[in-house]
Amino acid sequence: MKTNQIMIRPMGEFTVSQRTKDGYFDGGDLLRQWNSVKGNEQRKMDEFLLAKRTGDFIEALIAEERENGLGENSPKIDNQVVKKSKVKEKGKAGRPKEEVWMHPFLFTKFAMWINPRFEVKVIRFVYDEMIQYRNLAGDAYPAMCRAVCSILPGDIFQKKIKDLAKSLNIIVYGKHESEMRNKIGDEDKIRELYELELQIAQWIDLGFIKDYNSLKSTLTKLYYRKYPNVLPM
4 MKTNQIMIRP MGEFTVSQRT KDGYFDGGDL LRQWNSVKGN EQRKMDEFLL
54 AKRTGDFIEA LIAEERENGL GENSPKIDNQ VVKKSKVKEK GKAGRPKEEV
104 WMHPFLFTKF AMWINPRFEV KVIRFVYDEM IQYRNLAGDA YPAMCRAVCS
154 ILPGDIFQKK IKDLAKSLNI IVYGKHESEM RNKIGDEDKI RELYELELQI
204 AQWIDLGFIK DYNSLKSTLT KLYYRKYPNV LPM
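In the numbering used here, each residue carries its 1-based index in the sequence shown increased by 3.
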């Protein structure tokens, strides 16, 4: 089962949220951002969702998936083109915010309804390979864990694997924060993280790295090769 993550991506002056588990986008979040800008024409979600043209589009989308499919990279609909939920924001008072998760095809139509100038930005955003790289990185991480477990005593594996994950963030992103690869939506960085996790697994499986100290030494050299001027000397 895939672990769900929320990718936060820039789109012009706004950001867009996408779930990795089903590829759906949060239309509610984009709408709140649009309506918060002074001078923008205020939009209401129900005006879009209850419009006849939207209903016709949703029916056509479901029918097309049933009859011909929407392509191997398109999320599965399961008769739910729109999935609503309410989430209480941690540490904030007031009503829960509404999340309106939309199939990418519908989200494209929704963003263009908010502002036609979004059209090119949304189409490019929806069809990029970001989620593909994120899922590849998710596949590589378990492979790396299995390999590292083979060179570490079980009682210290949990601590060391957390230290290793932090180290990889520092090597790839230059710093460590929780959920780093989801906060920084950069295709090249996600590809680099995936390749590094896979490479570590291969180094261990092929016998090039036989213990944790060797792995630590190798990654330290890799870090200083990437950031040769990191020290103020």
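Glycine included, each C-beta is placed from N, C-alpha and C at the ideal position.
Note that the structure is predicted; figures quoted are calculated from it, not measured.
Closest Cα partner of residue i within the set the options
i, options, result
"D142", "R98, L201, E50, S153", "L201"
"R46", "L222, M115, K24", "M115"
"A204", "K89, V175, C148, N216", "C148"
"L218", "S170, L196, A63, V40", "S170"
"E102", "M48, T57, D166", "M48"
"D166", "E62, N216, R120, K41", "N216"
"G58", "R12, M14, K112, V19", "K112"
"S84", "E62, P99, R98", "The amino acid at residue 84 is misidentified as Ser; the sequence shows Val. Checking every option, the nearest Cα to that of V84 belongs to E62."
"K24", "L34, I9, R98, F17", "I9"
"S241", "F17, F51, E50", "In this structure the chain extends from 4 to 236, so residue 241 is not present and cannot be described."
"R228", "D214, E122, I126, G177", "G177"
"L34", "K55, F121, Y226", "F121"
"K213", "E68, R69, P156, P99", "P156"
"E198", "R69, A146, E68", "A146"
DSSP three-state assignment for residue i, whether helix, strand or coil
i, result
"F211", "coil"
"V40", "coil"
"R127", "helix"
"E180", "coil"
"Q21", "strand"
"V85", "strand"
"I11", "strand"
"E68", "helix"
"K47", "coil"
"E16", "coil"
Buried or exposed (CB count within 10 angstroms, at least 16 for buried), residue i
i, result
"F230", "Here residue 230 turns out to be Tyr, not Phe, going by the sequence shown. Answer is exposed; the Cβ neighbour count stays below 16."
"G31", "buried"
"D29", "buried"
"E75", "At E75 the pLDDT is 48, less than 50, meaning the model places this residue with poor confidence and gives no usable figure here."
"Y144", "buried"
"I159", "exposed"
"L53", "exposed"
"F211", "exposed"
"A66", "exposed"
"E287", "No statement about residue 287 is possible, as the shown extent of the chain runs from 4 to 236 and does not include it."
"E70", "exposed"
"E50", "exposed"
Neighbourhood of residue i by C-beta, 8 Å cutoff - its chain only, sequence neighbours within 5 removed
i, result
"Y3", "With the chain covering only 4 through 236, there is no way to say anything about residue 3."
Close-in-space but distant-in-sequence residues of the same chain around residue i (CB under 7 Å, 5 per side omitted)
i, result
"E195", "V175"
"H179", "K169, N172, I173"
"L222", "S170, I174"
"S153", "I207"
"L225", "I174"
Cut-off 6 Å between Cβ atoms - residues of its own chain near residue i, not counting five sequence neighbours on either side
i, result
"I117", "W37, R46"
"K14", "Before going further, note that residue 14 is Met rather than Lys in the sequence given. Correct list, in chain order: K124, F128."
"D208", "A150"
"G94", "Below a pLDDT of 50, predicted positions are generally treated as unreliable, and G94, at 49, falls in that range; the measurement from the model is reported next regardless. Within the same chain, G94 has no close Cβ partners at all."
"K89", "P99, E101"
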